[in-house]
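J.: Attaching a single structure in structure tokens format; questions to follow.
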Amino acid sequence: MPRTLAEELRTRPDDALAALLRARPDLLSPVPNDLTQLATRAGTRASVVRAVERLDRFALQTAEALAVAPDPCPYETLRDLLTGDEGAEEAAGQGEEAGGQGDARGAGEADGAGDVQGPGNASPVEPAAPVGPTSGIEAASPLSPATPTSPPPGTDAALGAEERAAIAAELPRAVATLRDQALVWGGDDRLRLVRTARELLAPSPTSPSPTGLGPTVQEATSGMSPGRLQELLAGAGLPPTHDPVTAVAALAGLFRDRARMAALLDGAPAGAAGVLSKLTWGPPYGEASVASPTPPVGWLLDRGLLLPSGPRNVVLPREVALHLRRGRAHRAPEPLAPPLSPTTEHDPQAVDNTAAGQTFTALATVEELLGQWESAGPPVLRAGGLSVRDLKRAAVALDVAEPVAAFWIELAYAAGLLASDGETDERYAPTPAYDDWLRLPAEERWARLAAAWLPATRTAGLVGGRDNRGRTLAALGPDLDRSPAPEVRRRVLELLATLPPGAAAAPDVVLTRLRWERPTSHRGAPAAAGAVPGASSPSGSAASAVSPIGSIPGATSPTREDLRSRLARWAVAEAEMLGITGRGALSSHGRALLERHPDEPPAARSDIASAHAARLLAPLLPEPLDHVLLQADLTAVAPGPLERPLAETLGILANVESKGGATVYRFTPESVRRALDAGRTADDVHTFLAAHSRTPVPQPLTYLVNDVARKHGRLRIGTASAYLRCDDDALLAEILADRRSAGLRLRRLAPTVLAAQAPPDTLLEGLRAMGYAPAAESAEGDVLVSRPEAQRTPPRTPPVPVPEGPPVADGTLLGAAVRAIRAGDLAATAPHKPAAASGAEAGSDAGSGSEARSGAAAGGDRLPRTTSADTLATMQAAALTGSNVWIGYVNANGAATQRVIAPVRVEGGFVTAYDHTADEVRTYPLHRITGAAELAEDAT
934 MPRTLAEELR
944 TRPDDALAAL
954 LRARPDLLSP
964 VPNDLTQLAT
974 RAGTRASVVR
984 AVERLDRFAL
994 QTAEALAVAP
1004 DPCPYETLRD
1014 LLTGDEGAEE
1024 AAGQGEEAGG
1034 QGDARGAGEA
1044 DGAGDVQGPG
1054 NASPVEPAAP
1064 VGPTSGIEAA
1074 SPLSPATPTS
1084 PPPGTDAALG
1094 AEERAAIAAE
1104 LPRAVATLRD
1114 QALVWGGDDR
1124 LRLVRTAREL
1134 LAPSPTSPSP
1144 TGLGPTVQEA
1154 TSGMSPGRLQ
1164 ELLAGAGLPP
1174 THDPVTAVAA
1184 LAGLFRDRAR
1194 MAALLDGAPA
1204 GAAGVLSKLT
1214 WGPPYGEASV
1224 ASPTPPVGWL
1234 LDRGLLLPSG
1244 PRNVVLPREV
1254 ALHLRRGRAH
1264 RAPEPLAPPL
1274 SPTTEHDPQA
1284 VDNTAAGQTF
1294 TALATVEELL
1304 GQWESAGPPV
1314 LRAGGLSVRD
1324 LKRAAVALDV
1334 AEPVAAFWIE
1344 LAYAAGLLAS
1354 DGETDERYAP
1364 TPAYDDWLRL
1374 PAEERWARLA
1384 AAWLPATRTA
1394 GLVGGRDNRG
1404 RTLAALGPDL
1414 DRSPAPEVRR
1424 RVLELLATLP
1434 PGAAAAPDVV
1444 LTRLRWERPT
1454 SHRGAPAAAG
1464 AVPGASSPSG
1474 SAASAVSPIG
1484 SIPGATSPTR
1494 EDLRSRLARW
1504 AVAEAEMLGI
1514 TGRGALSSHG
1524 RALLERHPDE
1534 PPAARSDIAS
1544 AHAARLLAPL
1554 LPEPLDHVLL
1564 QADLTAVAPG
1574 PLERPLAETL
1584 GILANVESKG
1594 GATVYRFTPE
1604 SVRRALDAGR
1614 TADDVHTFLA
1624 AHSRTPVPQP
1634 LTYLVNDVAR
1644 KHGRLRIGTA
1654 SAYLRCDDDA
1664 LLAEILADRR
1674 SAGLRLRRLA
1684 PTVLAAQAPP
1694 DTLLEGLRAM
1704 GYAPAAESAE
1714 GDVLVSRPEA
1724 QRTPPRTPPV
1734 PVPEGPPVAD
1744 GTLLGAAVRA
1754 IRAGDLAATA
1764 PHKPAAASGA
1774 EAGSDAGSGS
1784 EARSGAAAGG
1794 DRLPRTTSAD
1804 TLATMQAAAL
1814 TGSNVWIGYV
1824 NANGAATQRV
1834 IAPVRVEGGF
1844 VTAYDHTADE
1854 VRTYPLHRIT
1864 GAAELAEDAT
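Going by this note's numbering, the sequence shown runs without a break in its numbering and finishes at 1873.
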């Protein structure tokens, strides 16, 4: 029978140790020297908190039950704490009957009990409302799982047969989970929760347990005088004892005895049962006057059924609460995961088609966003990120809401398509990778976006919120990384993947399941109060003599969700926008995105899954079209996605009017002039329209192009500061007479030339605003073609996700770590032969020192210390016999370690040996070996 966790770890096979290191990767950083160090590290508070946070609800409830159980705890006792013991039901029923009779005797007082808000019928309290020192006790537990709303006190019943059977069936799995994570050790007859986990989960006045249980009788009476303890024994009808220890034991034994407790409660006065019922399921602390209690409270205090915890506070001992609860630690155990139901069934093909249509929209949105920013990207804020004004402009340009625009911006950034240019006047612009991305087929472009979204820790849903210092979180800014985001996204998709193809579950159903799987991940989230102190009740009511104070951790605030819940909701919405899901169901290419390929290197797994998803998506995407439908109302309809050259030219020649399954473009004088400014002629425009229209070019569109082309370039602007020339002096006279030209400060130099004191670009924009179509010209008089210059940043790498704790090691690293730990444990625990004594030690002080060092080495508690001659002799003998040697070794950095080696060759001041710790052959300089000792035969 193992006596410590380290001893039990030594009995585990290698695959069990590898599973422990995989489940708790923080234990592997750095690799422990031996199993004792591994057990010590597994019991540290930070590591235990991280492990407890990853437990599902029933495993956590099992750990909480162990925290309030005796240590060690037999398996049967643990099962009874979760199901309720058989004998408790009849005794508790008798107690309730006695309480009912007492209430009948004091009907007027019992009626007042309903007016007091207890832990089950309390109205929710605003999370920000503090609990004052006179009205309650702070009850913010660091590990408070979300639990369903409990029924009111007094209506609780024993668990049904099916519920008890489900708990009994799932309990072995929960215990095995705790064992695998090294949170529980020992046999089924002596289950032990690691000390740190017990301290973390056991109830205390400042950190109540989700079980709602209070301290034990021993803990609650720790500061009580021996005389008061004897008074409690007398009040409970127990014989006196000789010391406080036996007095406490006798009182606790009475409370654990169902029959004697039922008999004791039979004599309770009116209202006592109502007082106990308010504290039974927690919180166990109540507010009542200890110096001058009401008769029911005084009767309970005299018998130790309530114990004082302060001048005006009382507490219900744990043993009493367990009797009233029929032996159960939790009011509502949840052994089974909530099912993903109800579901909505869709045709799988319709789901795939809907998702494919959304992927096309996603690609078009990202292209449109980066196409606008490649010529005039928004500036970078001094603190980093995108300003609120620029985010609104992007949302208007994309015709989406601001949170949706923030998602597309962050997605482009995560995919490495967008970054800051790093210039003095820093702006955001597409990266060179954007050009490579544009050349890919549509399905591969989508796969790049999806593969970037799934592991990203940057969370677009936080944009617009505030950080801990009250600062607004900006898109592309700092402080948007949330480490749980990748895990939540993948888990949401994995849950949808468990449904049949075409089946969709509501987001709330998925959230309920996630909260069962990880109930403690929102540590620090405000908990709903379990009672409202100071609730009014009729004067003299016995039940109102005790008001429950504090709150039971277990429910999140109704006005604020925890982080994981918000991440899950955002994941559902983002997956739909990205085309991974369609109509709420996972698409076929979305399922392929989740595939894992264990035979491939970890870095290549996501690439393989993305490539498979792209292959499944390709047949669902429409082929790009090479034509549009021109209409007489100066619009062009693109009935599907257009080929890239056609889309780019049409985007210059016309403005997008509406999007959807078909895109509508509208031709305006400004859009046609934009094409002419880009260097195209009227003949080029006519040829383009005739070549790409399936319908005849409408006459109004022909007239529009010709009219704009006839006016385009009649006015020429050059550099004086700026000048304006035109062969039509009447047109120049018209401009001079126009009041709108006053700001340009024009004056006539010649009949066909005007000079301006405004720069050429200002003059150009001013005349265009007045309705003219000027053209800029060079010093030689040639028309300048104004094409917006596409900006690109220097090569940039995508942002690196911020992991949640140490990364999970792969199989190769886990195997090497287990071998190293085993070898180090062998070196630390194996018995060693006494080191050979130096021949010169006899009769000399040096000999005495060498003998002392040999004795220290034989003890096995410290690194061996031997002389150089003894070390050489031990190595040579081990090389001849093939035995293992325990050595102390100091590396080049001065770090001392112990190793188990098998010497193969000793020559030239070096020993070549197989190092069991490193699992490889190494060469060690003899002068760095501090000592050597052979292992005993039974250790090898």
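Each residue gets a CB set at the ideal place from its N, CA and C atoms; glycine is no exception.
Would DSSP call Ser1353 helix, strand or coil?
T.: Here residue 1353 corresponds to residue number 420 of the sequence shown, with the count starting at 1. Reduced to three states, the DSSP call for Ser1353 is strand.
J.: Could you tell me the distance, in whole angstroms, from the CA atom of Arg1673 to the CA atom of Asp1285?
T.: Locating residue 1673 in the sequence shown gives position 740, counting from the first residue. Locating residue 1285 in the sequence shown gives position 352, counting from the first residue. Approximately 57 Å between the Cα atoms of the pair.
J.: For Arg1161, which three-state DSSP category applies?
T.: Stepping through the sequence shown from its first residue, residue 1161 is reached at position 228. In this structure, Arg1161 counts as helix in the three-state DSSP scheme.
J.: Just grab the DSSP bridge partners of Val1248 for me.
T.: As a first step, residue 1248 must be located in the sequence shown, where it is residue number 315. The partner list for Val1248 (beta bridge, DSSP) reads Tyr1218 and Leu1240.
J.: Looking at the structure shown, is Pro1007 part of a helix, part of a strand, or coil, going by DSSP?
T.: Counting from 1 along the sequence shown, the entry for residue 1007 is found at position 74. Note: Pro1007 maps to coil in three-state DSSP.
J.: Is Pro1374 near the ligand MG - that is, is its Cβ less than 8 Å away from at least one heavy atom of it?
T.: With respect to the ligand MG, the structure offers nothing, as it holds no ligand at all.
J.: Could you name the residues of the same chain whose beta carbon sits closer than 7 Å to that of Tyr1367, not counting the 5 residues immediately before and after it, in chain order?
T.: Position 434 of the sequence shown, counting from 1, holds the residue named residue 1367. Here the set comprises Leu1303 and Leu1350.
J.: According to DSSP, is Arg945 helix, strand or coil?
T.: Reading the sequence shown from its first residue, position 12 is the one you call residue 945. In the structure shown, Arg945 sits in coil (DSSP, three-state: anything other than H, G, I, E or B).
J.: Specify the secondary structure class of Glu1603 as computed by DSSP and reduced to three states.
T.: Looking up residue 1603 in the sequence shown gives position 670. Three-state result, Glu1603: helix.
J.: Pick out whichever of Leu1859, Leu1697 and Ala1595 has its Cα sitting closest to the Cα of Gly1893.
T.: Shown here, the chain extends from 934 to 1873; a query on residue 1893 therefore has no answer.
J.: Unbroken alpha helix (DSSP H) runs of length 4 or more, entirely within the segment 1309 to 1383: which are they?
T.: Within the segment 1309 to 1383, the complete alpha helix (DSSP H) runs of at least 4 residues are 1321 to 1331, 1335 to 1347 and 1365 to 1371.
J.: Would you list the residues sitting across from Phe1843 in a DSSP beta bridge?
T.: As a working note, residue 1843 is residue 910 in the sequence shown. Answer by DSSP bridge pairing, in chain order: Glu1840 and Pro1858.
J.: Thinking C-beta only, is Leu1579 closer than 9 Å to Arg1607?
T.: Within the sequence shown, numbered from 1, the residue matching residue 1607 stands at position 674. Within the sequence shown, numbered from 1, the residue matching residue 1579 stands at position 646. No; because the gap between Cβ atoms is not below 9 Å, this pair is not in contact.
J.: Considering only the alpha carbon of each residue, which of Ala1130, Arg936, Pro1005 and Val1823 lies closest to Gly976?
T.: As a working mapping, residue 976 is identified with position 43 in the sequence shown. For the residues Ala1130, Arg936, Pro1005 and Val1823, the minimum Cα distance to Gly976 belongs to Ala1130.
J.: Inspect the CB distances between the segment 1363 to 1382 and the segment 1745 to 1763 and report whether three or more fall short of 8 Å.
T.: No contact exists between the segment 1363 to 1382 and the segment 1745 to 1763.
J.: Examine the Cβ distances between the segment 1247 to 1263 and the segment 1301 to 1315 and report whether three or more of them are shorter than 8 Å.
T.: Too few Cβ pairs lie closer than 8 Å, so no.
J.: Which residue's Cα is closest to the Cα of Glu1152: Ala1688, Ala1185 and Pro1707?
T.: Taking the first residue of the sequence shown as position 1, residue 1152 is located at position 219. Of Ala1688, Ala1185 and Pro1707, the residue nearest in Cα terms is Ala1185.
J.: Exposed or buried, which one is Tyr1636 when buried takes at least 16 other CB atoms within 10 Å?
T.: Working through the sequence shown from its first residue, we reach residue 1636 at position 703. Classification for Tyr1636: exposed.
J.: Buried or exposed: Asn1817, going by 16 or more other Cβ atoms within 10 Å of its Cβ?
T.: Here the question's residue 1817 lines up with position 884 in the sequence shown. Looking at its Cβ environment, which holds 16 or more other Cβ atoms inside 10 Å, Asn1817 is buried.
J.: Between Pro1732 and Ala1347, which are expected to be in contact by the criterion C-beta below 8 Å, what is the C-beta distance as a whole number of angstroms?
T.: Start at 1 with the first residue of the sequence shown, and residue 1732 comes out as number 799. Start at 1 with the first residue of the sequence shown, and residue 1347 comes out as number 414. Right, the Cβ-Cβ distance comes to about 6 Å (below 8 Å), so this counts as a contact.
J.: Nearest to Arg987 by alpha carbon, out of Leu1447, Val1443 and Pro1202?
T.: Mapped onto the sequence shown, residue 987 falls at position 54. If we check each option's Cα against that of Arg987, Leu1447 comes out closest.
J.: To the nearest angstrom, how far is it from the Cα of Ser1416 to the Cα of Thr1799?
T.: As a position in the sequence shown, residue 1416 is number 483, starting the count at 1. As a position in the sequence shown, residue 1799 is number 866, starting the count at 1. Using only the alpha carbons, I get a separation of about 51 Å.
J.: Figure out for me which residue from Val1597, His1645 and Gly1744 has the closest Cα to the Cα of Gly898.
T.: Residue numbering for the chain in the displayed model covers 934 to 1873; residue 898 lies beyond these limits and cannot be assessed.
J.: Short of 6 Å in beta carbon distance, which residues of its chain neighbour Ala1551, apart from the five on each side in sequence? Order them along the chain.
T.: To locate residue 1551, count along the sequence shown from 1; it is residue 618. Glu1376.
J.: Which partner residues does Trp1819 have in the DSSP bridge list?
T.: As a first step, residue 1819 must be located in the sequence shown, where it is residue number 886. Partner(s): Val1833 and Ala1866.
J.: Under a Cβ-count criterion, where at least 16 other Cβ atoms within 10 Å of its own Cβ denotes burial, should Thr937 be classed as buried or exposed?
T.: Here residue 937 corresponds to residue number 4 of the sequence shown, with the count starting at 1. So Thr937 counts as exposed.
J.: In the DSSP assignment, find the unbroken beta strand (DSSP E) run with Ser1591 in it and report its ends.
T.: For the purposes of this step, residue 1591 is taken as residue 658 along the sequence shown, with counting starting at 1. Start and end: Asn1588 to Ser1591.
J.: Tell me whether Lys1325 is buried or exposed, calling it buried when 16 or more other Cβ atoms sit within 10 Å of its Cβ.
T.: Within the sequence shown, numbered from 1, the residue matching residue 1325 stands at position 392. That one is exposed.
J.: Does the distance from the C-beta atom of Arg1725 to that of Pro1363 stay below 9 Å?
T.: As a working note, residue 1725 is residue 792 in the sequence shown. As a working note, residue 1363 is residue 430 in the sequence shown. Yes; because the gap between Cβ atoms is below 9 Å, this pair is in contact.
J.: So Ala1501 packs on Val1443, CB below 8 Å; how close in whole Å?
T.: As a working mapping, residue 1501 is identified with position 568 in the sequence shown. As a working mapping, residue 1443 is identified with position 510 in the sequence shown. Right, their Cβ atoms sit about 6 Å apart.
J.: Is the segment 1404 to 1416 touching the segment 1320 to 1339, taking contact as three or more C-beta pairs under 8 Å?
T.: In short, these stretches touch, since the Cβ pair count reaches three.
J.: With DSSP collapsed to three states, give me the class of Ala998.
T.: Walking along the sequence shown from the start, residue 998 turns up at place 65. Here Ala998 sits in helix by DSSP.
J.: Excluding the 5 residues flanking Glu1022 on each side, which residues of the same chain have their C-beta closer than 6 Å to its C-beta?
T.: Stepping through the sequence shown from its first residue, residue 1022 is reached at position 89. Its pLDDT being 46, under 50, Glu1022 is placed unreliably by the model, and the measurement read from it follows with that caveat. So the list reads Ala1091 and Arg1259, once near-sequence residues are dropped.
J.: Taking the runs of the beta strand (DSSP E) that are 3 residues or longer, which of them lie wholly in the segment 1622 to 1697?
T.: Counting whole runs of 3 or more residues, the segment 1622 to 1697 contains the beta strand (DSSP E) stretches 1649 to 1651, 1655 to 1658, 1679 to 1683 and 1686 to 1689.
J.: Between the C-alpha atoms of Pro1202 and Ser1155, what's the straight-line distance to the nearest angstrom?
T.: Along the sequence shown, one-based indexing puts residue 1202 at 269. Along the sequence shown, one-based indexing puts residue 1155 at 222. Going by the C-alpha atoms only, they are around 28 Å apart.
J.: First and last residue of the alpha helix (DSSP H) that includes Gln970?
T.: For this step, residue 970 is matched to residue 37 along the sequence shown. Counting along the chain, the alpha helix (DSSP H) containing Gln970 begins and ends at Leu968 to Ala975.
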